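**Student:**
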Amino acid sequence: MKANTETKPSKPQPKAPMPAKSAPAVTSNGPGNQVVPLRKNPNGIPDYRAEVPNFHTVEEWADGKLRYTVTGDFDAPVPAIRESKYLNKDQSLEIYRYMLLNRKMEQALENLFKQQKVIGGVYLGLGQEGCSVASAYALDKFDWIAPMIRNQGAMLVRGFRPAETMMQYMAKVGAPTKGRDSGSHYGDIHEKNCIAPISHLGDSLPVIAGCLLGARIQGRNVAGLAYIGDGGQSTGPCYEGFNFAAVQKLGVVLIMEHNLWAYSTPVELQFACRDLADRALGYGVPGAIIDGTDPNQVYDVVHEACERGRRGEGATLIEAKMMRMKGHAMHDAALYVPKPYFEYWKKRDCMGRFEQYLMGRGWLTAKQNEELIRSVDEQINKDRDEADASPFPNGEDAAANLFKNNAETIPFKYGPPKVKKVSKDDKLGEASNVSHYK
Ligand SMILES: Cc1ncc(C[n+]2csc(CCOP(=O)(O)OP(=O)(O)O)c2C)c(N)n1
Ligand SMILES: [Mg+2]
């Protein structure tokens, strides 16, 4: 497709196209899967992808109206996904099952929305399931997670049942917030170490950094997986929170989910650097670029980043490139997204690619796959019926349990604080009272 050369000069110009690199000529997923050599981007950031797409969104003004067109090679062959260095057969199949559960739960949510049984909007992670699931799968029980709206798969891995998520969207009494909040605004700080997202983009970064600092004060370095979109990464709180984690060498693993759109804003109008992972240089932490539709890449890179975090070696910034395959939420038909994008990314759908990989390795037969899909369908139907049958909360309970009882002590998760006592007579005064939490 041709670039629009008449873009208004007053508008931001599209970034210089990435060097056109043809995709490696490998399409097999069988044993002896290809080893695509690891690339580095021009700033030296490792790029684990098997291909580097070279497309761009271009603004076009016609009859006083703005619309987007695209440039680039949309017909590039689809490369096979990478082998995982760590995942065995059972783990890979478990990830695949969670991905199926994620996709089918969202299909059920979409239907519930259309039946007007959902209170508020529904935000879908279609196309991003592999990233959500495989990244959360790299966490240990004692680690933390700060999900965003499209990470319902991560919540499943963390232990929320599909019925709980559906009840949450339907504001039912059985929901994690017992019908007091809707949508994705739920978490669990007691068992699942999951920070509830709020609407304000970026604000979970200072919170997860604080959690990890708390853990360190209690004598333990843990990993904390946080997600932010290509839009949300531009916010002040995202910078402040992640910078703090970088400075304190906290194990925050930040996945920037680069899905090409922030609501209706294309990434070309969102940030001026070539790759979001380049931001790692500014923060002073290791960075990596991964294909968000390849669960093996996602798992391996997040796993290694979490291990670093647990060793007390600090934060990591990972950019996962993929595509938001629906509108921002159910109310948004995404008509502003040029069609070639959908066609290109549909061919790279994480579900199909992972299914093919598992079959190619002989880890999943067609019959086992059918059985797996049937069992996931069954579970989703059962959970949906449970959610549907759950009552709405009683009006008189609306204010119950909204605030923490001040007299209640919050138990330490990892042990009593290990802090140095500083003598009042210390000549250095305030400065020496500052513990640097190393
Ligand atoms: C601080 C802040 N600014 C604006 C918004 C409104 N808003 C909600 S979602 C969204 C787009 C988010 O895009 P992105 O971060 O790329 O995530 P995606 O939806 O693509 O997953 C915007 C602008 C918000 N919630 N918070
Ligand atoms: Mg986005």
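Using the working numbering, the letters of the sequence shown map in sequence onto residues -6 to 431.
Beta carbons: idealized from backbone N, C-alpha and C, even for Gly.
These numbers come from a predicted model, not from an experiment.
Name the DSSP beta bridge partners of Pro35, please?
**Tutor:** Answer is none; Pro35 lacks a bridge partner.
**Student:** Does Tyr350 come out as helix, strand or coil in the three-state DSSP assignment?
**Tutor:** Looking at Tyr350 - three-state DSSP - the assignment turns out to be helix.
**Student:** Does DSSP put Thr50 in a helix, a strand or coil?
**Tutor:** Residue state, collapsed to three classes: strand.
**Student:** Just the C-alpha distance for Val19 and Tyr337, rounded to the nearest angstrom, thanks.
**Tutor:** Any reading at Val19 needs caution, since the residue's pLDDT is 38, under 50, leaving its predicted position unreliable; the model's value is listed next. Each residue's Cα considered, the two are about 17 Å apart.
**Student:** Under 7 Å: does the beta carbon of Glu250 sit that close to some heavy atom of ligand 3?
**Tutor:** Among the ligands present in this structure, namely ligand 1 and ligand 2, ligand 3 is not found.
**Student:** Classify Pro279 as buried or exposed, calling it buried when 16 or more other Cβ atoms lie within 10 Å of its own Cβ.
**Tutor:** Buried, since its Cβ has 16 or more Cβ neighbours within 10 Å.
**Student:** Taking 8 Å as the cut-off, does the stretch 310 to 318 touch the stretch 282 to 295 (at least 3 CB pairs, one atom from each stretch)?
**Tutor:** Yes, the stretch 282 to 295 is in contact with the stretch 310 to 318.
**Student:** Report back the beta-carbon spacing between Asn186 and Gly146 to the nearest angstrom; my notes put them in contact at under 8 Å.
**Tutor:** About 17 Å separates the two Cβ atoms, so there is no contact after all.
**Student:** Please classify Val63: does DSSP put it in a helix, a strand, or coil?
**Tutor:** If DSSP states are grouped into helix, strand and coil, Val63 belongs with the strands.
**Student:** Is the beta carbon of Pro169 closer than 8 Å to that of Glu157?
**Tutor:** Taking 8 Å as the Cβ cut-off, Glu157 and Pro169 qualify as a contacting pair.
**Student:** I want to know whether the stretch 239 to 247 touches the stretch 190 to 210 - three or more CB-CB distances under 8 Å.
**Tutor:** They touch, by the three-pair rule.
**Student:** Which residue wins for smallest C-alpha separation from Met148, given the options Leu274, Glu44, Ala127, Tyr407?
**Tutor:** That would be Ala127, whose Cα lies nearest to the Cα of Met148.
**Student:** Using DSSP with H/G/I as helix, E/B as strand and the rest coil, what is Met315?
**Tutor:** If DSSP states are grouped into helix, strand and coil, Met315 belongs with coil.
**Student:** If you measure between the beta carbons of Pro70 and Ala43, is that distance less than 8 Å?
**Tutor:** For Pro70 and Ala43, no; Cβs fall outside 8 Å.
**Student:** Does the Cβ of Asp223 lie closer than 7 Å to at least one heavy atom of ligand 2?
**Tutor:** Under cutoff, so the answer is yes.
**Student:** Alpha carbon to alpha carbon, how far is Tyr232 from Glu250?
**Tutor:** Cα-Cα distance, rounded: 15 Å.
**Student:** Does the stretch 251 to 269 come into contact with the stretch 325 to 339, if we say contact requires no fewer than three beta-carbon pairs (one atom in each stretch) closer than 8 Å?
**Tutor:** With the cut-off at 8 Å, the stretch 251 to 269 and the stretch 325 to 339 touch.
**Student:** Quick check on Cys266: buried or exposed, where buried means 16 or more other Cβ atoms within 10 Å of its Cβ?
**Tutor:** It counts as exposed.
**Student:** Taking DSSP as the reference, what is the three-state secondary structure of Ala139?
**Tutor:** Strand at Ala139.
**Student:** Does ligand 1 have a heavy atom nearer than 7 Å to the CB of Met141?
**Tutor:** Correct: Met141 has its Cβ closer than 7 Å to ligand 1.
**Student:** Exposed or buried, Gly25, counting other C-beta atoms within 10 Å across all chains shown (16 or more means buried)?
**Tutor:** Note that Gly25 scores a pLDDT of 40, beneath 50, so its modelled location is shaky; the value from the coordinates is reported in the next line. Gly25 is exposed by the Cβ-count criterion.
**Student:** Count the C-beta pairs between the stretch 295 to 314 and the stretch 358 to 369 that are closer than 8 Å, then say yes if the count reaches three, no if not.
**Tutor:** With a cut-off of 8 Å, the stretch 358 to 369 and the stretch 295 to 314 do not count as touching, because too few Cβ pairs lie within range.
**Student:** Consult DSSP for Tyr292 and reduce its assignment to one of helix, strand or coil.
**Tutor:** If DSSP states are grouped into helix, strand and coil, Tyr292 belongs with the helices.
**Student:** Hey, Asp381 and Lys110 are a contact pair by Cβ (cut 8 Å); roughly how many whole angstroms apart?
**Tutor:** Going by Cβ atoms, the distance from Asp381 to Lys110 rounds to 7 Å, so yes, they are a contact pair.
**Student:** In three-state terms, what does DSSP make of Cys266?
**Tutor:** Here Cys266 sits in coil by DSSP.
**Student:** Could you tell me whether the stretch 384 to 392 touches the stretch 159 to 173, where touching means 3 or more Cβ pairs closer than 8 Å?
**Tutor:** At 8 Å Cβ cutoff, the stretches touch.
**Student:** For Pro230, does the three-state DSSP call read helix, strand or coil?
**Tutor:** DSSP places Pro230 in helix when its eight states are reduced to three.
**Student:** Please return the same chain residues whose Cβ sits closer than 7 Å to the Cβ of Asp196, not counting the five positions on each side in sequence.
**Tutor:** Here the set comprises Pro230.
**Student:** On a CA-only basis, which of Gly113, Met352, Phe335 is nearest Gly120? Give me that one, please.
**Tutor:** Gly120 has its Cα closest to that of Phe335, out of Gly113, Met352, Phe335.
**Student:** If we ignore side chains and look at the alpha-carbon of each, how far apart do Phe153 and Glu53 end up?
**Tutor:** When rounded, the distance between both Cα atoms is 44 Å.
**Student:** Would you mind stating whether Tyr220 and Ile248 have Cβ atoms separated by less than 8 Å?
**Tutor:** Yes, Cβ-Cβ distance for Tyr220 and Ile248 is below 8 Å.
**Student:** Please determine, among Gly275, Phe135, Gly176, the residue with the shortest C-alpha to C-alpha distance to Asn36.
**Tutor:** Comparing Cα positions, the closest option is Gly275.
**Student:** In whole angstroms, what is the alpha-carbon distance linking Gly114 and Gly123?
**Tutor:** Their Cα atoms are separated by approximately 23 Å.
**Student:** For Cys204, list the residues DSSP reports as bridge partners.
**Tutor:** The partner list for Cys204 (beta bridge, DSSP) is empty, contrary to what the question assumes.
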